[in-house]
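Notes follow the structure.
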Amino acid sequence: MSDRGTAWRLSVDADTCIGSGMCAGIAPGLFTLVHGVSVAREAPIAPDPAAVDAAESCPVEAISIRDAADDHLVAPEP
Amino acid sequence: MTDTRQPGAARPYPFSDPDRLNLDPLYANLRRQEPVTRVRLPFGEEAWLATRYADVRTVLGDPRFSRAASVGRDEPRTTPQQIGTGILSMDPPDHSRLRRLVAKAFTARRVELLRPATVEIADELVDAMIVAGPPADLVEAFSTPLPVRVICRLLGVPVTDQGLFRTWSEAIVSTTSLPPERILEYLGNMRAYMAGLIAERRRTPTDDLIGALVRVRDTGDDRLSEQEMVELAAGLLAAGHETTVTQISNFVYVLLTNPEQLALLLARPELVPAAVEELLRYVPLGAASAFARYATEDLTLSGVRIRAGDPVIGAVSSANRDGEVFEDPDALDLTRGANPHLGFGHGVHHCIGAQLARMELQVALETLLGRLPALALAVDEKELDWKSGLLVRGLRTLPVTW
Numbered sequence: 003m004s005d006r007g008t009a010w011r012l013s014v015d016a017d018t019c020i021g022s023g024m025c026a027g028i029a030p031g032l033f034t035l036v037h038g039v040s041v042a043r044e045a046p047i048a049p050d051p052a053a054v055d056a057a058e059s060c061p062v063e064a065i066s067i068r069d070a071a072d073d074h075l076v077a078p079e080p
Numbered sequence: 239m240t241d242t243r244q245p246g247a248a249r250p251y252p253f254s255d256p257d258r259l260n261l262d263p264l265y266a267n268l269r270r271q272e273p274v275t276r277v278r279l280p281f282g283e284e285a286w287l288a289t290r291y292a293d294v295r296t297v298l299g300d301p302r303f304s305r306a307a308s309v310g311r312d313e314p315r316t317t318p319q320q321i322g323t324g325i326l327s328m329d330p331p332d333h334s335r336l337r338r339l340v341a342k343a344f345t346a347r348r349v350e351l352l353r354p355a356t357v358e359i360a361d362e363l364v365d366a367m368i369v370a371g372p373p374a375d376l377v378e379a380f381s382t383p384l385p386v387r388v389i390c391r392l393l394g395v396p397v398t399d400q401g402l403f404r405t406w407s408e409a410i411v412s413t414t415s416l417p418p419e420r421i422l423e424y425l426g427n428m429r430a431y432m433a434g435l436i437a438e439r440r441r442t443p444t445d446d447l448i449g450a451l452v453r454v455r456d457t458g459d460d461r462l463s464e465q466e467m468v469e470l471a472a473g474l475l476a477a478g479h480e481t482t483v484t485q486i487s488n489f490v491y492v493l494l495t496n497p498e499q500l501a502l503l504l505a506r507p508e509l510v511p512a513a514v515e516e517l518l519r520y521v522p523l524g525a526a527s528a529f530a531r532y533a534t535e536d537l538t539l540s541g542v543r544i545r546a547g548d549p550v551i552g553a554v555s556s557a558n559r560d561g562e563v564f565e566d567p568d569a570l571d572l573t574r575g576a577n578p579h580l581g582f583g584h585g586v587h588h589c590i591g592a593q594l595a596r597m598e599l600q601v602a603l604e605t606l607l608g609r610l611p612a613l614a615l616a617v618d619e620k621e622l623d624w625k626s627g628l629l630v631r632g633l634r635t636l637p638v639t640w
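Those protein sequence lines, which keep their order, are chains A and B.
Sequential numbering from 3 applies to the first sequence in the numbering used here.
Sequential numbering from 239 applies to the second sequence in the numbering used here.
Okay, here's the thing in structure tokens:
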């Protein structure tokens with residue numbers, strides 16, 4: 003994992019999400035369940051270990067974190 | 239509803255001894271009339287019990303509820319021993335640190351890689367049943383060996399040792415089936431066995447999950463303590479023995495006693511994934527709900543004031559029958575569309591083996607129904623022998639013919 007970036011963009015693949023509530027429990031400020039599907043905060047965030055925890059813990063790997071500057075994948079690890 | 243309590247007194251919980259897979263009708267009454275109620279479990283302090291879907295999801299998923307806060311409290315429980323340690327008694331970020339170490343091995347993507355081997359095992363087991371001829375005890379011939387072999391392969395536990403931990407793993411789901419001192423003895427055996435296996439991995443590194451945990455532990459960045467590693471590995475092995483094993487037979491029992499739904503599934507095998515979700519919703523695996531979450535601040539649930547420090551239990555099986563979320567909730571409907579059931583829990587403690595269990599249950603039903611389409615009970619339903627004194631509902635034996 004590289005966390006050198008200064009801002010991250012979060013996204014959740016709504017078709018993959020199973021609504022386990024894992025991310026919303028780990029990082030409640032960043033992910034919210036809307037009608038049973040996780041929605042990530044839209045605005046870029048400052049690098050936050052809780053976001054990485056959420057992306058790495060998602061049972062269906064529906065979350066991606068990308069560097070806002072160069073779009074490289076920060077998490078999850080392949 | 240029949241209620242002979244003193245005003246304000248807590249109801250004894252569980253409300254009744256488990257009756258096969260039937261949910262106590264009191265849950266439905268409570269959802270309507272008293273959705274958050276006081277209960278007293280066989281052990282530990284009094285608690286609130288939430289029975290509506292929305293409230294149960296809040297209790298399990300909202301960070302204002304804590305599992306870590308149960309440590310040091312006399313936790314309400316149906317087992318004499320208190321868990322006290324381990325991943326189920328942690329909150330983020332401690333919980334995330336441990337969970338992340340094993341989460342990768344259980345993602346949908348990684349689990350799909352195990353599907354062909356699971357199909358192969360299921361086929362071998364059915365081959366053996368066919369060679370021996372009907373009748374067979376499905377628990378012994380199929381439901382037990384299938385998940386046991388898969389979890390052993392994933393963890394790297396020698397299948398030849400399965401006789402040992404099959405006895406011991408009952409300890410993690412035992413309420414009264416084993417005497418308390420035996421529960422402690424078996425849990426100790428399980429940890430000692432795992433510690434031995436871990437020591438072996440240190441001498442001879444492997445690519446299985448235990449080998450991977452040993453590597454993380456030994457890179458020395460304090461991500462995992464020795465005790466955490468032993469408990470995590472023993473917990474995964476035991477969970478792999480006592481849940482999917484039980485549910486395969488429960489699911490088959492439900493299908494064999496719901497002939498219309500069984501006929502539908504035989505005619506439309508593409509419904510298997512949806513059928514598995516519906517069975518996860520419909521079958522109350524737990525004899526009772528437990529693992530109270532402690533409120534970390536004052537809040538309200540369905541209008542009831544919960545104070546900071548109060549333990550609240552989410553009744554998962556009741557939530558799965560909430561008519562506000564599921565149309566005709568007491569009907570088994572394998573064609574049900576969206577099925578946001580809480581069979582694997584919700585929130586940070588959502589079952590880590592959920593994707594593995596789903597895959598195994600799908601393979602189990604596809605293989606059994608595909609190869610033995612005339613599958614039927616070999617005895618009268620009333621003669622089936624149900625286990626008791628456990629956290630889970632399940633059959634001791636399931637005699638079937640085909």
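Just so it is clear, CB atoms sit at the ideal spot from N, CA and C, and this is done for glycine as well.
In whole angstroms, give me the CA-to-CA distance for residue i and residue j.
i: V550 (chain B); j: E313 (chain B); result: 10 Å
i: T8 (chain A); j: H74 (chain A); result: 12 Å
i: P497 (chain B); j: P256 (chain B); result: 24 Å
i: S334 (chain B); j: V294 (chain B); result: 22 Å
i: A430 (chain B); j: H588 (chain B); result: 27 Å
i: D241 (chain B); j: P273 (chain B); result: Residue confidence for D241 (chain B) is low, a pLDDT of 47 falling below 50, so the modelled location carries little weight and cannot support an answer.
i: P301 (chain B); j: G38 (chain A); result: 17 Å
i: L221 (chain B); j: Y251 (chain B); result: Chain B is shown only over 239 to 640; residue 221 (chain B) falls outside these bounds and no answer can be derived.
i: I448 (chain B); j: L298 (chain B); result: 29 Å
i: L727 (chain B); j: A366 (chain B); result: Here chain B comprises residues numbered 239 to 640, so residue 727 (chain B) is not present and cannot be evaluated.
i: R269 (chain B); j: G541 (chain B); result: 13 Å
i: D332 (chain B); j: V369 (chain B); result: 51 Å
i: L32 (chain A); j: V377 (chain B); result: 44 Å
i: G282 (chain B); j: R311 (chain B); result: 8 Å
i: P507 (chain B); j: E604 (chain B); result: 7 Å
i: Y532 (chain B); j: A343 (chain B); result: 30 Å
i: M239 (chain B); j: R545 (chain B); result: Residue placement at M239 (chain B) is poorly supported in this model, since its pLDDT is 46, which falls under 50; the coordinates still yield a value, given next. So the alpha carbons of these two residues sit roughly 27 Å apart.
i: A346 (chain B); j: L599 (chain B); result: 14 Å
i: A247 (chain B); j: A71 (chain A); result: 60 Å
i: D15 (chain A); j: I28 (chain A); result: 18 Å
i: A292 (chain B); j: V563 (chain B); result: 9 Å
According to DSSP, is residue i helix, strand or coil?
i: G391 (chain B); result: Note that residue 391 (chain B) is Arg in the sequence shown, not Gly. Helix.
i: A533 (chain B); result: strand
i: T481 (chain B); result: coil
i: T405 (chain B); result: helix
i: T639 (chain B); result: strand
i: P314 (chain B); result: coil
i: Y412 (chain B); result: The question names Tyr, but residue 412 (chain B) in the sequence shown is Ser. Residue state, collapsed to three classes: strand.
i: T296 (chain B); result: helix
i: I486 (chain B); result: helix
i: P250 (chain B); result: strand
i: N496 (chain B); result: coil
i: F564 (chain B); result: coil
i: T457 (chain B); result: coil
i: R68 (chain A); result: strand
Please go through the same chain and pick out, in chain order, the residues whose beta-carbon is closer than 6 Å to the beta-carbon of residue i, but skip the five residues on each side of it.
i: P567 (chain B); result: R559, G561
i: I47 (chain A); result: W10
i: T317 (chain B); result: T413
i: M432 (chain B); result: V468, A471, A472
i: R249 (chain B); result: V277
i: V411 (chain B); result: E480, L628, L629, V630
i: S4 (chain A); result: For S4 (chain A), the pLDDT reaches just 49, beneath the cut-off of 50, and the residue's location in the model is therefore unreliable, although a value from the coordinates is still provided. Result list for S4 (chain A): empty, nothing under 6 Å.
i: A592 (chain B); result: F582
Applying a beta-carbon distance threshold of less than 9 Å, which residues of chain A neighbour residue i?
i: R609 (chain B); result: Chain A residues near R609 (chain B): none, gap ~29 Å exceeds 9 Å.
i: A512 (chain B); result: The premise fails here: A512 (chain B) is roughly 14 Å from chain A at the closest Cβ pair, so nothing lies under 9 Å.
Run down chain B in chain order and give the residues with a C-beta less than 7 Å from the C-beta of residue i.
i: P30 (chain A); result: P301
For residue i, go through chain A and note every residue whose CB falls closer than 8 Å to its CB, in chain order.
i: T345 (chain B); result: C60, P61, V62, E63
i: A379 (chain B); result: Ordered by position in chain A, no residue passes the 8 Å Cβ test against A379 (chain B), which lies about 30 Å from the chain.
i: R519 (chain B); result: Under the 8 Å cutoff, chain A gives no residues; its nearest Cβ is about 14 Å from R519 (chain B).
Quick one: residues in its chain with C-beta nearer than 7 Å to the C-beta of residue i, no 5 flanking neighbours on either side, listed in chain order?
i: E516 (chain B); result: L570, D571, L572, R574, N577
i: S22 (chain A); result: P61
i: D375 (chain B); result: T635, L636, P637
i: A525 (chain B); result: P252, P256, L628, L629, V630, R631
Which residues in chain D sit within 7 Å of residue i, going by Cβ to Cβ distance?
i: S334 (chain B); result: Going by chain labels, chain D is absent from the structure shown, which instead holds the protein chains A and B.
Could you name the residues of chain B that residue i contacts, counting a contact when the two beta carbons are closer than 8 Å?
i: A52 (chain A); result: P330, P331, S334
Check the Cβ of residue i against every Cβ in chain A and list those closer than 7 Å, keeping chain order.
i: R337 (chain B); result: S59
Apart from the five residues just before and just after residue i, which ones in its own chain have a Cβ nearer than 8 Å to its Cβ?
i: K625 (chain B); result: S415, R631, G632, L633, R634
Members of the stretch 582-598 of chain B near chain A, C-beta cut-off 9 Å: Those would be F582, G583, H584, G585, V586, H587, H588, C589, I590, A592, Q593, in chain order.
Which residues, in chain order, does the stretch 59-73 of chain A contribute to contact with chain B at a C-beta distance below 8 Å? Under the 8 Å Cβ criterion, the stretch 59-73 of chain A contributes S59, C60, P61, V62, E63.
Of the residues that make up the stretch 17-50 of chain A, which ones have a beta carbon closer than 7 Å to any beta carbon in chain B? Going along the stretch 17-50 of chain A in chain order, one finds G21, S22, G23, M24, A26, G27, I28, P30, G38 with a Cβ nearer than 7 Å to chain B.
At a Cβ cut of 9 Å, what residues of the stretch 550-580 of chain B count as close to chain A, listed as they run along the chain? Taking 9 Å as the Cβ-Cβ cut-off against chain A, the residues of the stretch 550-580 of chain B that qualify are A576, P578.
Where the stretch 425-454 of chain B meets chain A: residues whose CB sits under 8 Å from a CB there: Answer in chain order: no residues at all.
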